[in-house]
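Enquirer: Starting off with a structure, shown below.
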Amino acid sequence: MSIWTSRGLSGAAALFMLLAGCAVPGASPPQTQTVAGGAVVVAGPRGYCIDRAGSRAAADSSFVLLGSCAAISGDASAPRPLFPAVLTVTVAPKPPGTGAIADQAGILERYFAAPEGRAAMARDGDPESVEIVETMTRDGLFIVHARDRLAETDDALTPDRWRAIFDLNGQIVNASVTGMDIRPITRDVGLALVSRFAARIREETRAAAAEKQAAPPLPDNPAPGG
35 MSIWTSRGLS GAAALFMLLA GCAVPGASPP QTQTVAGGAV VVAGPRGYCI DRAGSRAAAD
95 SSFVLLGSCA AISGDASAPR PLFPAVLTVT VAPKPPGTGA IADQAGILER YFAAPEGRAA
155 MARDGDPESV EIVETMTRDG LFIVHARDRL AETDDALTPD RWRAIFDLNG QIVNASVTGM
215 DIRPITRDVG LALVSRFAAR IREETRAAAA EKQAAPPLPD NPAPGG
């Protein structure tokens, strides 16, 4: 079940608060990042950019952190999201024989209701720290709305987190949204934001695949002396 979850947010609050300090004035942060050997292109809704310093990629899994483009670049005129939030994505290969996420809603609901699933959602790994508020399936996504009591001691993040789990090109993608104390987001906004986040990843991944297919083939190397 670990392919469906990640506690990558444990250090996200600290990373997010450091973004302005790590910014390079005038530098434009990327809005997309390709991971999993080109299988997935990560992108956020308007106003969110990739924090390269807080992201990592490996053969077995990738973690991408996104924040306000203005905060990351240090440019107040750069785009910024309407609702400030910490966005993260984890991408890992889908094990052979694993069915489509959309067809496993019942299994996932039972998993997240159990201590193992709640522990996987908790920043401190303690299942008692997390309440699963609701789960749902929409547009091929399995969405979990969780509330983490550990956030009560955090000056940056709100307790509520929304996670969309879906499969894409042989990978399991976990797209997560956590609100910020400076402007907490409502349930409906959280659901809309995580759904749009997943949609952007799908859109950019499809666009990259289409561009690759449309690219003309490279010419054959001429024979020596030809």
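Residues 35 to 260 in my numbering are what the sequence shown lists, from first letter to last.
A virtual CB, placed ideally from N, CA and C, is assigned to each residue, including glycine.
These numbers were taken from a predicted model, which means no experiment stands behind them.
(1) Indicate the three-state DSSP secondary structure (helix, strand or coil) for THR124 in the structure shown.
(2) Where DSSP assigns a beta bridge to TYR82, which residues make up the other side?
(3) Count the other C-beta atoms from every protein chain shown that fall within 10 angstroms of the C-beta of ARG236, then say buried if there are 16 or more, exposed otherwise.
(4) Who are the near neighbours of PRO218 in its chain, counting only those whose CB is closer than 6 Å to its CB and skipping five residues on each side?
(5) State the Cα-Cα distance for the pair LEU263 and GLY151, rounded to the nearest angstrom.
(6) Would you mind sorting ALA209 into buried or exposed? The rule is 16 or more other CB atoms within 10 Å of its CB.
(7) Which residues in the same chain as ALA136 place their Cβ atom closer than 7 Å to its Cβ, once the five residues preceding and following it in sequence are excluded?
(8) Please state if the CB of ARG114 and the CB of GLY88 are separated by a distance shorter than 8 Å.
(9) Just to confirm my understanding: we take GLY55, look at its own chain, exclude 5 residues before and 5 after, and list those with CB closer than 6 Å. What are they?
(10) Measure the beta-carbon distance from PHE117 to VAL223 and round it to whole angstroms, keeping in mind my assumption that it falls under 8 Å.
(11) Within 10 angstroms of its Cβ, does GLN247 collect 16 or more other Cβ (buried), or is it exposed?
(12) Residues bridged to GLN247 by DSSP?
(13) Output needed for LEU227: all residues of its chain with C-beta closer than 6 Å, excluding positions within five of it in sequence on either side, in chain order.
(14) With burial defined as no fewer than 16 other Cβ atoms inside 10 Å of the residue's Cβ, what is the status of GLY78: buried or exposed?
(15) Looking at the strands, I want to know which residues DSSP matches up with GLY213.
(16) Expressed to the nearest angstrom, what Euclidean distance is found between the alpha-carbon atoms of ASP201 and VAL74?
(17) Restricting to Cα atoms, I'd like to know which of GLU238, GLU165, ARG157 is closest to VAL69.
(18) So, helix, strand or coil for ASP201, using DSSP?
Expert: Looking at the atomic coordinates:
(1) Sequence index remark: in the sequence shown, residue 124 carries index 90 (1-based). Taken through DSSP and simplified to helix, strand or coil, THR124 comes out as strand.
(2) Looking up residue 82 in the sequence shown gives position 48. Under DSSP, TYR82 shares a beta bridge with SER102.
(3) For the purposes of this step, residue 236 is taken as residue 202 along the sequence shown, with counting starting at 1. Buried: at least 16 other Cβ atoms inside 10 Å.
(4) Taking the first residue of the sequence shown as 1, we reach residue 218 at position 184. If we look at PRO218 and ignore the five residues flanking it on each side, its Cβ neighbours are THR192.
(5) Residue 263 is absent from the structure shown; the chain starts at 35 and stops at 260.
(6) Translated into positions along the sequence shown, residue 209 becomes position 175. Counting every other CB atom within 10 Å of its CB across the protein chains shown gives ALA209 a total of 16 or more, marking it as buried.
(7) The count along the sequence shown starts at 1 and reaches residue 136 at position 102. Around ALA136: THR171, GLY174.
(8) Indexing the sequence shown from 1 puts residue 88 at position 54. Indexing the sequence shown from 1 puts residue 114 at position 80. It is not a contact, given that the beta carbons lie outside the stated cut-off.
(9) Taking the first residue of the sequence shown as 1, we reach residue 55 at position 21. Only weak support exists for where GLY55 lies, its pLDDT of 40 falling under 50; the coordinates are left without a value.
(10) Along the sequence shown, one-based indexing puts residue 117 at 83. Along the sequence shown, one-based indexing puts residue 223 at 189. About 6 Å separates the two Cβ atoms, so the contact holds.
(11) Looking up residue 247 in the sequence shown gives position 213. The residue is exposed, with fewer than 16 neighbouring Cβ atoms inside 10 Å.
(12) As a working mapping, residue 247 is identified with position 213 in the sequence shown. GLN247 is not bridged to any residue.
(13) Sequence index remark: in the sequence shown, residue 227 carries index 193 (1-based). Cβ contact annotation for LEU227 (same chain, cutoff 6 Å, sequence separation greater than five): VAL211, in chain order.
(14) Position 44 of the sequence shown holds residue 78. That one is buried.
(15) Within the sequence shown, residue 213 is the residue found at index 179, counting from 1. In DSSP, GLY213 forms a bridge with ALA119.
(16) As a first step, residue 201 is located in the sequence shown; it is residue number 167 there, counting from the start. As a first step, residue 74 is located in the sequence shown; it is residue number 40 there, counting from the start. Taking the straight line from one Cα to the other gives about 10 Å.
(17) Locating residue 69 in the sequence shown gives position 35, where the first residue counts as 1. Checked all of GLU238, GLU165, ARG157; the closest Cα to VAL69 is GLU238.
(18) Against the sequence shown, residue 201 aligns to sequence position 167. Residue state, collapsed to three classes: strand.
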